[in-house]
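Working notes, structure below.
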Amino acid sequence: MVQTCKNCGAKISFDAKSNCMYCANCSSFFDVNEYDSQDTKELEEHTEDIKKEKWCVTAFSDYDDEYHCKEETGYEEDADNTMECQIYHCDSCGAEISVKGLEASTFCLYCGNPNVVYSRVEQVRRPEKIIPFKVSKEEAITRIKNRIKSAFLVESSIRKLDFDSIKGIYIPYYISDVCYRDTMLICTIQTGGQHESMLYSVRGGYCEFDIMTNDASRQLEDGSSQRLEPYDLTDLTDFNEAYLTGFYSDVLDVSEVAIQKISFDRAKELFNAAIMKSVPFGNGIIIKNNPEYKLKNKPVKAMFPAWFLTFKHKGKPYTIMVNGQTGKVIAGLPFKKNIFYTTLATLTFLLSILAIYIINQGLTDLYSKDTLLLSRRFIIPVLVCAGISYILLYTGFKKVKKALQAINRSSAQSLAKFVTKRNKEEG
142 MVQTCKNCGA KISFDAKSNC MYCANCSSFF DVNEYDSQDT KELEEHTEDI KKEKWCVTAF
202 SDYDDEYHCK EETGYEEDAD NTMECQIYHC DSCGAEISVK GLEASTFCLY CGNPNVVYSR
262 VEQVRRPEKI IPFKVSKEEA ITRIKNRIKS AFLVESSIRK LDFDSIKGIY IPYYISDVCY
322 RDTMLICTIQ TGGQHESMLY SVRGGYCEFD IMTNDASRQL EDGSSQRLEP YDLTDLTDFN
382 EAYLTGFYSD VLDVSEVAIQ KISFDRAKEL FNAAIMKSVP FGNGIIIKNN PEYKLKNKPV
442 KAMFPAWFLT FKHKGKPYTI MVNGQTGKVI AGLPFKKNIF YTTLATLTFL LSILAIYIIN
502 QGLTDLYSKD TLLLSRRFII PVLVCAGISY ILLYTGFKKV KKALQAINRS SAQSLAKFVT
562 KRNKEEG
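For the sequence shown, the working numbering begins at 142 and goes up steadily by one.
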């Protein structure tokens, strides 16, 4: 359903700066609550305790079994409230995205298919909460430009991107409160000379992970969504379809049952990492443990905002992400590797020549009985050159490794599939 202006009848969209509905035709602003297309009462927050105070799943249980999870957590996945959205589909790569109040001609940037257009109207699951966009399109573009400007040896073509193709997308999330406790036997091995000693430690604890967020889209990698975090959940507000007007939203396609396992796995990872910090020598091996966990309440469905700018460089797709609330920029930009490696090699070569010269000078002083002169002319300069060379090589390769990891994440096929580029139609 396209939202229209109450004054002139033109299409309107949500404006991140004013937090209101805005009509570009007559410059009118309207309160978001005036455009609640569902005309339903506010959704109740799911803060009730679970019906069965029974801890679910031990280390020896099969909590991959969906039915097992349903039984132990004390509730079934209810039939969700739904809302009507237009679904766009790419026949080439299979990417789907929902559109609310926005008509667009569409093509898929990942596979280049120009015929990705309106597919169908579908009832999709309605979230309970939402964080509206706070970062406007203009601000997101400015932040991306600043990031590119400060990037090291970035490819010149990146500075000439079509920044207007940036798209605002709401990402579906589940918000969960997880209780976790465990008792474990940990073995650490200490090596000293030719001997090894094994130390056994017993650790136990209880944790509550409140408002744990996990994305509910199968198309978007968890790693990509986690890089956008953190979101400030104090800005959560009751969901209103008007907030979606003018933006895209990914389809929520992860069930509450599936999100339980994701939440439990993440809680386990965080818990174990904290426990290992208390173990002598660190990096222990868990010999035996008995984890137990439960959800304090039913997961809350929510939507979080993000800006996506997807581009191609040498035939390979890349995606720059901007947190639509905080403005945090996530980008792995292609850089001029040849220039970087050449510069690094040149500096190393010059330092090597300097070190050789110093060594040659020092050899003439080997027969000198003045040890202070020998140290000043030979030993100290050689150590300084060696230290500088090591620092340059170590820092350089470390930066390259980090940059390549960021580039690989930004060019991941699953991330490219998630973003479907669209050109808005005028009028």
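Even glycine gets a Cβ: it sits at the ideal position worked out from N, Cα and C.
Computed from a predicted model, the values in this text were never measured in an experiment.
Use the C-beta contact count for residue i: other C-beta atoms within 10 angstroms, 16 or more gives buried, fewer gives exposed.
i: E397; result: buried
i: R300; result: exposed
i: G309; result: buried
i: E183; result: Because the pLDDT at E183 is just 37, under 50, the model does not fix this residue reliably, and the point stays unresolved.
i: V463; result: buried
i: Q331; result: exposed
i: Y341; result: exposed
i: I400; result: buried
i: Y347; result: exposed
i: D323; result: buried
i: S246; result: The predicted position of S246 is uncertain, since its pLDDT is 38 and thus under 50; a value taken from the coordinates is nonetheless stated next. Its Cβ having fewer than 16 others within 10 Å, S246 is exposed.
i: L491; result: exposed
i: M325; result: buried
i: E382; result: buried
i: V440; result: The residue asked about is misnamed: residue 440 is Pro in this sequence, not Val. Buried.
i: D203; result: Confidence in D203 is poor, its pLDDT being 38 and thus under 50, which makes the residue's placement unreliable; the coordinate value appears in the next sentence. So D203 counts as exposed.
i: F293; result: exposed
i: E566; result: Bear in mind that a pLDDT of 34 at E566, under 50, signals an unreliable position, so the number given afterwards is only what the model happens to contain. E566 should be labelled exposed.
Could you tell me the distance, in whole angstroms, from the CA atom of residue i to the CA atom of residue j?
i: I403; j: P446; result: 21 Å
i: P421; j: T329; result: 7 Å
i: S390; j: G465; result: 13 Å
i: D351; j: S317; result: 7 Å
i: T145; j: P313; result: 25 Å
i: A486; j: K158; result: 48 Å
i: F304; j: K469; result: 17 Å
i: D494; j: T484; result: Reading the sequence as shown, one finds Ile at residue 494 and not Asp. Going from the Cα of I494 to the Cα of T484 covers about 16 Å.
i: I426; j: Q367; result: 27 Å
i: D180; j: F274; result: Summary for D180: the model assigns pLDDT 38, below 50, so the residue's position carries little reliability; its value from the coordinates is reported in the next sentence. So the alpha carbons of these two residues sit roughly 22 Å apart.
i: Y377; j: E337; result: Position check: residue 377 holds Leu in this sequence, whereas Tyr was assumed. Near 53 Å, if we compare the C-alpha coordinates of E337 and L377.
i: R407; j: S365; result: 15 Å
i: F380; j: I327; result: 46 Å
i: M417; j: G456; result: 44 Å
i: K152; j: A165; result: 8 Å
i: S169; j: D156; result: 11 Å
i: E410; j: N355; result: 14 Å
i: W106; j: A415; result: Residue 106 lies beyond the stretch modelled for the chain, which goes from 142 to 568, so this question has no answer here.
i: P371; j: Y315; result: 14 Å
i: M339; j: T489; result: 43 Å
i: V173; j: N424; result: 52 Å
i: L361; j: T375; result: 24 Å
i: F171; j: F452; result: 34 Å
Measuring alpha carbon to alpha carbon, tell me which residue in the options is nearest residue i.
i: E175; options: I285, D406, S154, A165; result: S154
i: Y163; options: P440, A472, I312, G387; result: G387
i: I272; options: E280, K437, Y384; result: Y384
i: V276; options: I289, T467, T489, I428; result: T467
i: K429; options: K457, D156, N413; result: N413
i: L436; options: I427, L450, M353; result: M353
i: L450; options: I307, F170, L369; result: I307
i: S298; options: T489, Y459, L488; result: Y459
i: I289; options: A472, C167, L488; result: A472
i: Y434; options: F405, I282, G456, I416; result: F405
i: N438; options: F452, V319, R284, G150; result: V319
i: L302; options: D172, K286, Y321; result: K286
i: A357; options: D156, K457, R266, L411; result: R266
i: R321; options: G150, Y372, I228, E349; result: Here residue 321 is Tyr; the residue named in the question, Arg, does not match the sequence. Selected option, being the one with the closest Cα: E349.
i: L393; options: R284, Y311, S291, Q335; result: Y311
i: I461; options: T283, Q335, T375; result: T283
Since residue i contacts residue j with CB under 8 Å, what's their CB separation in whole angstroms?
i: S419; j: R359; result: S419 to R359, Cβ: 36 Å. No contact.
i: E280; j: A443; result: Actually they do not touch by this definition, with Cβ atoms about 23 Å apart.
i: P475; j: H454; result: 5 Å
i: C167; j: N148; result: 5 Å
How is the beta strand (DSSP E) around residue i delimited, first residue to last?
i: A472; result: It is not in any beta strand (DSSP E) - A472 carries neither H nor E in the DSSP assignment.
i: V441; result: 441-454
i: I282; result: Note, I282: premise wrong, no beta strand (DSSP E); alpha helix (DSSP H) at 278-291.
i: R344; result: 336-356
i: Q144; result: Segment: none, Q144 is in no beta strand (DSSP E) and carries neither H nor E.
i: R322; result: 308-333
i: I426; result: 426-430
i: P384; result: The residue you asked about is not Pro; residue 384 is Tyr in the sequence shown. No beta strand (DSSP E) contains Y384, which DSSP labels as neither H nor E.
i: P273; result: No beta strand (DSSP E) contains P273, which DSSP labels as neither H nor E.
i: Y434; result: 433-436
i: I299; result: That residue, I299, is in no beta strand (DSSP E); it is neither H nor E in DSSP.
i: K457; result: 457-464
i: S154; result: 154-156
i: Y569; result: Residue 569 lies beyond the stretch modelled for the chain, which goes from 142 to 568, so this question has no answer here.
i: S169; result: 169-171
Taking the alpha helix (DSSP H) that residue i falls in, what are its first and last residues?
i: N413; result: 397-417
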